[in-house]
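*Asks:* Let me begin by handing over the structure; questions about it come next.
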Amino acid sequence: MIFYFTGTGNSLWVAKELSIIFGEPLISIADELRKETRELVYSLENGESVFLVYPVHSWGPAVPVMQFLSRWHLKGDKNPSIYSLSTCGDECGHTDKMIRKALRRRGLSLSAAYSIQMPNNYILLPGFDVDKKEVENRKLGQAPQQLKAIVESVKTHANSRADLYVRGPIPFLKSRLVYPLFARLAIQKNAFYATDNCIDCGLCATMCPTGTISLRADGRPQWAKGSCVQCLACIHYCPVRAIEYGKISLKKGRYHHPEMKKNRLDVLK
Ligand SMILES: Cc1cc2nc3c(=O)[nH]c(=O)nc-3n(C[C@H](O)[C@H](O)[C@H](O)COP(=O)(O)O)c2cc1C
Ligand code: SF4
Ligand code: SF4
Numbered sequence: 523m524i525f526y527f528t529g530t531g532n533s534l535w536v537a538k539e540l541s542i543i544f545g546e547p548l549i550s551i552a553d554e555l556r557k558e559t560r561e562l563v564y565s566l567e568n569g570e571s572v573f574l575v576y577p578v579h580s581w582g583p584a585v586p587v588m589q590f591l592s593r594w595h596l597k598g599d600k601n602p603s604i605y606s607l608s609t610c611g612d613e614c615g616h617t618d619k620m621i622r623k624a625l626r627r628r629g630l631s632l633s634a635a636y637s638i639q640m641p642n643n644y645i646l647l648p649g650f651d652v653d654k655k656e657v658e659n660r661k662l663g664q665a666p667q668q669l670k671a672i673v674e675s676v677k678t679h680a681n682s683r684a685d686l687y688v689r690g691p692i693p694f695l696k697s698r699l700v701y702p703l704f705a706r707l708a709i710q711k712n713a714f715y716a717t718d719n720c721i722d723c724g725l726c727a728t729m730c731p732t733g734t735i736s737l738r739a740d741g742r743p744q745w746a747k748g749s750c751v752q753c754l755a756c757i758h759y760c761p762v763r764a765i766e767y768g769k770i771s772l773k774k775g776r777y778h779h780p781e782m783k784k785n786r787l788d789v790l791k
């Protein structure tokens, strides 16, 4: 089983590739979180591998992944192989340790953690912007090779390989101090708005994985407070660049995975 969360499609691309390689079904964490039951229960075949694929947000797992793991219940195989595969712009800090700890709370253990560098989509702080086109193309070009090495490691049960996970410098400071601040404060703050460029297409509301965006009677989007997880799908997918976040996004670039552009509806599955 492949559980994924994605904002701008990088993690979905990885999850889809894994789904083809291992012949495993894709399960959207965002869709599962909408279910009303406290426990989210999944039955595993004996020997079935489980993958968690998601973006790194502020040197930790995207918030919905942690919410999901707190409700996750696997039935069947008592000791399943569970692999964490995070996509990041540069580095993951102690994301792997946070996933390991969350699994331990559910009585599960992490078999291995991997990361893949993909184009950066974070643009909401000074000094952060999407990658230059050549860097974006290089990362997209190298992603299949990175994924191949990870698949090889999984298939040969090599477990975590230091070269297939990018921790980066001062991970403790970033993951233990900055991530909790992001998880608690940044996601509550919500300064998105639509400009007059908006053509009322409704795509932002459809793409939002948390149901934060609704459409007003005049077709314009509005953002509810308290549920946004800053995945940035809305701002990057808007076809006419009509979404901004305060003033900080005005001069920043936009990005989403190019394959998702070919068929946007794909992202919704
Ligand atoms: C809120 C937020 C925080 C991020 N923090 C990090 C980070 O700490 N380290 C990093 O390398 N990339 C970071 N990124 C970049 C994403 O991890 C990266 O672009 C990822 O591949 C996006 O995946 P997606 O397209 O599936 O959403 C961040 C992105 C967002 C939106
Ligand atoms: S995606 Fe952009 S153009 Fe479409 S409704 Fe949202 S803000 Fe308007
Ligand atoms: S409002 Fe935008 S950034 Fe927030 S969760 Fe929805 S799509 Fe993601």
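Position one of the sequence shown corresponds to residue 523 (our numbering), numbered consecutively onward.
Ideal Cβ positions, reconstructed from N, Cα and C, are used throughout, including at glycine.
#1: Which class does S637 belong to by DSSP, given the choice of helix, strand or coil?
#2: Quick check: the Cα distance between T528 and S603, rounded to an integer number of angstroms?
#3: Considering only their Cβ atoms, is the gap separating S749 from G582 smaller than 7 Å?
#4: In the DSSP assignment, the beta strand (DSSP E) including T609 goes from what residue to what residue?
#5: Using a threshold of 6 Å, is the CB atom of V652 nearer than that to any non-hydrogen atom of ligand 5?
#6: By a C-beta neighbour count over all protein chains shown, 10 Å radius and 16 as the cutoff for buried, is T717 buried or exposed?
#7: Only counting the same chain, and skipping five residues up and downstream in sequence, which positions put a Cβ closer than 7 Å to that of Y526?
#8: Using only the heavy atoms of ligand 3, determine whether one of them is closer than 6 Å to the beta carbon of T732.
#9: May I ask you to report which of helix, strand or coil DSSP gives Q744?
#10: Buried or exposed: where does A764 fall if 16 or more other Cβ atoms within 10 Å of its Cβ makes it buried?
#11: Ordered along the chain, which non-local residues of its own chain (more than five positions away) have a Cβ less than 8 Å from that of V652?
#12: What span of residues does the beta strand (DSSP E) with F527 cover, start to end?
*Replies:* In short:
#1: strand
#2: 22 Å
#3: no
#4: I604 to C610
#5: No copy of ligand 5 occurs in the structure displayed; its ligands are ligand 1, ligand 2 and ligand 3 alone.
#6: exposed
#7: S533, L534, A537, L548, S550, I551, V575 and Y576
#8: yes
#9: strand
#10: buried
#11: P641, N642, N643, I645, E658, K774, G775, R776 and Y777
#12: F527 -> no beta strand (DSSP E), and no H or E assigned at all.
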